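Novice:
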Amino acid sequence: NRSGADGETIHFYSESVQADLDERLTVEAQLRRALERGELRMVYQPKVALESGRIVGFEALLRWNSAELGEVSPVRFIPLAERTGLIVPIGAWVLQETCRQLARWNAGGAGLKVAVNLSPRQFDQKDLVPMMQRCILETGVDPRCLEFEITETALMRREGEVDDLLHAIRALGVELSIDDFGTGYSSLAALKRFPVQRLKIDRAFIRDLGRDEDSAAIVRSILNLARNLKMSVVAEGVETAEQLAILRALACDDYQGFLFSRPVEAGQVPALVERNRAVAAPAT
Ligand code: C2E
Ligand code: MG
Ligand code: MG
Ligand code: MG
Numbered sequence: 610n611r612s613g614a615d616g617e618t619i620h621f622y623s624e625s626v627q628a629d630l631d632e633r634l635t636v637e638a639q640l641r642r643a644l645e646r647g648e649l650r651m652v653y654q655p656k657v658a659l660e661s662g663r664i665v666g667f668e669a670l671l672r673w674n675s676a677e678l679g680e681v682s683p684v685r686f687i688p689l690a691e692r693t694g695l696i697v698p699i700g701a702w703v704l705q706e707t708c709r710q711l712a713r714w715n716a717g718g719a720g721l722k723v724a725v726n727l728s729p730r731q732f733d734q735k736d737l738v739p740m741m742q743r744c745i746l747e748t749g750v751d752p753r754c755l756e757f758e759i760t761e762t763a764l765m766r767r768e769g770e771v772d773d774l775l776h777a778i779r780a781l782g783v784e785l786s787i788d789d790f791g792t793g794y795s796s797l798a799a800l801k802r803f804p805v806q807r808l809k810i811d812r813a814f815i816r817d818l819g820r821d822e823d824s825a826a827i828v829r830s831i832l833n834l835a836r837n838l839k840m841s842v843v844a845e846g847v848e849t850a851e852q853l854a855i856l857r858a859l860a861c862d863d864y865q866g867f868l869f870s871r872p873v874e875a876g877q878v879p880a881l882v883e884r885n886r887a888v889a890a891p892a893t
């Protein structure tokens, strides 16, 4: 150990690095056991058609209630799961669980749709598409009721390599959407080429709607782009009636956010849909 002011700085720095590492190892060790301990569960947030107010589907979101750490946010543990490769078994569980749930809901003909988030690390999983296929077959879900969300950043980082994979996934009969759109750097050529049906506008732009003109301009451009490419658009993170009114004026297709509903437990989904169908305009 060196002495003096310099040494102190180094000492202080390495201590905080050590603390980060310790914390990460604890979380990682716990996450490794989360699956077998049954600490993971899915919650579901409705997506709503702007015009009719009708629920058009749900996004499946992972939750981890750790015995040691309590409720841990996916913003913290998903990146960790990606770094360690744990996202592969966890991602398989997410899909299995969501399909199982969806098959149950739709057994009576409800026709619900659910979107599952895909991590870029799962692209490297050799048997990703067969695994998806197996999930669909084993649970009996209609693949048309299933969607995968992939973030724009993840997709564009792998722009030149993912065409075949995206087409193979799409060929299962499922839909694809680009998540957090507007934060990455989409190549227009890639957007045109990819078999994607939907863009989800990142929450950052929705948050500033009504506060800053640029965000409205960006949302308008995304809507134009999507229309030209024959894609539909979901606005993420709608929290206020004002944001909703602006999105309606811009003729956005669907929205999702705390204003309508936070993510709900699986058990609450059927009642939520039933209530919504009683009050919303009929499907067109
Ligand atoms: P995402 O896919 O963009 O999901 C939307 C996030 O926004 C969710 O956070 C949701 O709870 C939150 N949200 C929805 N409406 C509002 C709103 O009105 N205001 C605010 N402030 N937030 C809203 P969550 O569940 O914490 O998930 C965070 C991220 O973690 C997700 O972002 C996704 O990237 C990742 N994630 C979650 N579940 C999974 C999963 O099963 N697999 C993978 N690979 N990633 C997941
Ligand atoms: Mg998502
Ligand atoms: Mg998103
Ligand atoms: Mg996100």
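Numbering follows the UniProt record's numbering, with no gaps: position 75 of the sequence shown is 684. Note that the Cβ used here is the ideal one computed from N, Cα and C, for glycine as well. Model, not experiment: these values are computed from the prediction.
#1: Counting only beta-carbon separations shorter than 8 Å, does S682 have a partner in chain D?
#2: Using the three-state DSSP reduction, which class does K839 fall into: helix, strand or coil?
#3: Measuring straight from C-alpha to C-alpha, what distance separates V703 and E668?
#4: What whole-angstrom Cβ distance do I778 and M741 have, given they're in contact under 8 Å?
#5: Can you give me the C-alpha to C-alpha distance between T748 and V665, rounded to a whole angstrom?
#6: Would you mind stating whether H776 and P804 have Cβ atoms separated by less than 8 Å?
#7: I need the DSSP call for D772, collapsed to helix, strand or coil.
#8: Under 7 Å Cβ to Cβ from L800, same chain only, skipping five residues before and after it: list those, please.
#9: Give me the DSSP bridge partner(s) of S623.
#10: G846 and R816 look like a contact to me (Cβ under 8 Å); what is the Cβ gap, rounded to whole Å?
#11: With C-beta atoms as the reference, is V681 less than 8 Å away from W673?
#12: Any heavy atom of ligand 1 closer than 7 Å to the CB of R812?
Specialist: In terms of the structure at hand:
#1: Reference to chain D is not applicable here, since this structure consists of a single protein chain.
#2: What you label residue 839 is simply residue 230 of the sequence shown in a count that begins at 1. Reduced to three states, the DSSP call for K839 is coil.
#3: The residue you call residue 703 lines up with position 94 of the sequence shown. The residue you call residue 668 lines up with position 59 of the sequence shown. Each residue's alpha carbon lies about 12 Å from the other.
#4: Against the sequence shown, residue 778 aligns to sequence position 169. Against the sequence shown, residue 741 aligns to sequence position 132. That pair is a contact at about 7 Å.
#5: Mapped onto the sequence shown, residue 748 falls at position 139. Mapped onto the sequence shown, residue 665 falls at position 56. Near 21 Å, if we compare the C-alpha coordinates of V665 and T748.
#6: In the sequence shown, the residue the question calls residue 776 occupies position 167. In the sequence shown, the residue the question calls residue 804 occupies position 195. Yes. Within cutoff.
#7: Counting from one through the sequence shown, the residue named residue 772 turns up at place 163. In this structure, D772 counts as helix in the three-state DSSP scheme.
#8: Working through the sequence shown from its first residue, we reach residue 800 at position 191. Around L800: L838.
#9: As a first step, residue 623 must be located in the sequence shown, where it is residue number 14. DSSP, once it has assigned bridges, lists no residue as partnering S623.
#10: Taking the first residue of the sequence shown as position 1, residue 846 is located at position 237. Taking the first residue of the sequence shown as position 1, residue 816 is located at position 207. Contact between G846 and R816 is confirmed by a C-beta separation of about 6 Å, below the 8 Å threshold.
#11: Residue 681 sits at position 72 when you count from the first residue of the sequence shown. Residue 673 sits at position 64 when you count from the first residue of the sequence shown. Yes.
#12: The residue labelled residue 812 in the question sits at position 203 within the sequence shown. True, at least one ligand heavy atom lies under 7 Å from that Cβ.
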